[in-house]
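For the record, the sequence lines run as chains A and B.
With the first letter of the first sequence counted as 1, position 165 gets the number 169 in our numbering; the numbers rise by one all the way through.
With the first letter of the second sequence counted as 1, position 169 gets the number 173 in our numbering; the numbers rise by one all the way through.
Beneath this line is the structure, given in structure tokens, with notes to follow.
There are 2 protein chains.
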Amino acid sequence: MNTPTDERASSDTREAIMEATFRALSKHGYNDLRMRDIGEEMEMTRQVIHYHYDGKYDLMSHFLEYIIEQYEGSVEVDSNAPPREELDARIDQCLFGPKFDDFGHWDRMKVYHELFTYAQNDERHREIFNTHYGRIRSSITEVVEDGIERGVFRDVDAARMGQLITDVIHAARGRKLSLGHDDAPEETRAAIDEFILDSLYLDE
Amino acid sequence: MNTPTDERASSDTREAIMEATFRALSKHGYNDLRMRDIGEEMEMTRQVIHYHYDGKYDLMSHFLEYIIEQYEGSVEVDSNAPPREELDARIDQCLFGPKFDDFGHWDRMKVYHELFTYAQNDERHREIFNTHYGRIRSSITEVVEDGIERGVFRDVDAARMGQLITDVIHAARGRKLSLGHDDAPEETRAAIDEFILDSLYLDE
């Protein structure tokens, strides 16, 4: 039987493996990544990776889950906050990232975007990515739906709006990472306000 | 001295090299691409590649130029056409692609998106990509400026609007290619109309 202490130890181990995976992916890229590269980024023996994960795809699936939880989970908004405030907080979180102690937002996003492009070439990897990608999009769509229900947003197609905002955020991060457009997140935040959210807000 | 016949022959050769590069990139990816892989996709001897291009970066620079010309150049709109019509044509061209005899739009875009992500890791490659990327964005921005000058679009920040539309198109193509969202281009076209271009069009 797992005691709470066991579970805690196991959760710490998983986090150590996930952070080691980030560093290893950042160095080697997904294509060339071997389990032993992850082991080399850890203080523990790499046997623990094989104990916790059933191969590269299983690890990758948990890894994407881990990234997405970092972005979703850390948005702290009072459930009674106005939908507009929550929407702003979620957009900012995805564009500018939460604070990390080390290995920051853009290092993490570099890995995320590389995995995204790699899904072009690998059906199983694509399937895993889709599941996790859907959760990010939903977190935006649900705030839009909530605002419509509460009568503070216009009655737009919430799924279409959520997808559009998710796409714009993704593209802005990609431009900063690939083309070195360091002002892309700030510029995109302004463009979202000026050209997209104006379709959502009722005239004041 | 180059005669017109020489120039024509040279232009045919360059096109053959560019098309061979597409096929080779599609098979091997940019990272692993060798000049000899391109040679294997051609009927001519691969010495002609070395005769025309000064190494992998020079070839890549011309290759990006070649892709972008295919997308920019083939939009045929009467210069007196309403800006709204030209804007629609350019957006459709980038989203759905021009017609190709073989090796179609999505095969070409798969290579383009892979090169885009690869620019994360290579400063010189990024610089080359930026030059060409800027031209695509300008072709959208200029139509917006034109419409504002003619008084048929609202007086918005044309550069910001052009960038936003370019980003949205890029993200939609990426989703179709990476995540298999086959309806992404059509859905995105509808979202652009509903949520972005409504900021541009004067009330009728």
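Quick reminder that beta carbons are idealized off the backbone N, C-alpha and C, glycines included.
It should be emphasised that the depicted structure is a prediction, and the values quoted were computed from it without experimental measurement.
At which residues does the alpha helix (DSSP H) containing residue i begin and terminate?
| i | result |
| --- | --- |
| residue 96/A | 87-100 |
| residue 59/A | Residue 59/A -> no alpha helix (DSSP H), and no H or E assigned at all. |
| residue 113/A | 109-122 |
| residue 174/A | 162-183 |
| residue 150/A | 127-153 |
| residue 190/A | 188-195 |
| residue 40/A | 39-44 |
Report yes if the C-beta distance between residue i and residue j is below 8 Å; otherwise report no.
| i | j | result |
| --- | --- | --- |
| residue 115/B | residue 30/B | yes |
| residue 133/B | residue 68/B | yes |
| residue 28/B | residue 41/B | yes |
| residue 70/B | residue 22/B | yes |
| residue 178/B | residue 129/B | no |
| residue 75/B | residue 97/B | yes |
| residue 195/B | residue 168/A | yes |
| residue 164/A | residue 191/B | yes |
| residue 238/A | residue 63/A | Outside the displayed range of chain A (5 to 208) lies residue 238/A, so it cannot be described from this structure. |
| residue 143/B | residue 94/B | yes |
Using the beta-carbon count (16 or more within 10 Å), is residue i buried or exposed?
| i | result |
| --- | --- |
| residue 113/A | buried |
| residue 38/A | exposed |
| residue 15/B | exposed |
| residue 206/B | exposed |
| residue 171/B | buried |
| residue 5/A | In this prediction, residue 5/A has a pLDDT of 47, which is less than 50 and means its spatial position is unreliable; what the coordinates show is noted afterwards. Classification of residue 5/A: exposed, given that the 10 Å Cβ count is below 16. |
| residue 48/B | exposed |
| residue 101/B | buried |
| residue 174/B | buried |
| residue 107/A | exposed |
| residue 166/A | buried |
| residue 73/B | exposed |
| residue 104/A | exposed |
| residue 90/A | buried |
The segment 138-166 of chain B: which residues have C-beta closer than 8 Å to a C-beta of chain A, in chain order?
160, 161, 164, 165
Give, in chain order, every residue of the segment 181-199 of chain A whose Cβ lies closer than 9 Å to some Cβ of chain B.
Cβ contacts with chain B come from 181, 182, 183, 184, 185, 188, 191, 192, 194, 195, 196, 198, 199.
Does the structure place the segment 171-188 of chain B close enough to the segment 117-133 of chain A that three or more beta carbon pairs sit under 8 Å?
The segment 117-133 of chain A makes contact with the segment 171-188 of chain B; the number of CB pairs closer than 8 Å reaches 3 or more.
Can at least three beta-carbon pairs, one atom from the segment 83-92 of chain A and one from the segment 147-158 of chain A, be found at a separation below 8 Å?
yes
Is it a yes or a no for the segment 137-145 of chain A touching the segment 132-146 of chain B, going by three-plus beta-carbon pairs under 8 Å?
no
Could you name the residues of the segment 62-74 of chain A whose beta carbon sits closer than 9 Å to any beta carbon of chain B, in the order they occur along the chain?
none
Tell me which residues of the segment 85-96 of chain B have at least one Cβ-Cβ distance to chain A shorter than 9 Å, keeping chain order.
none
Name the residues in the segment 109-124 of chain A whose C-beta lies less than 7 Å from a C-beta of chain B; which are they?
Result list: 114, 117, 118, 120, 121, 123, 124.
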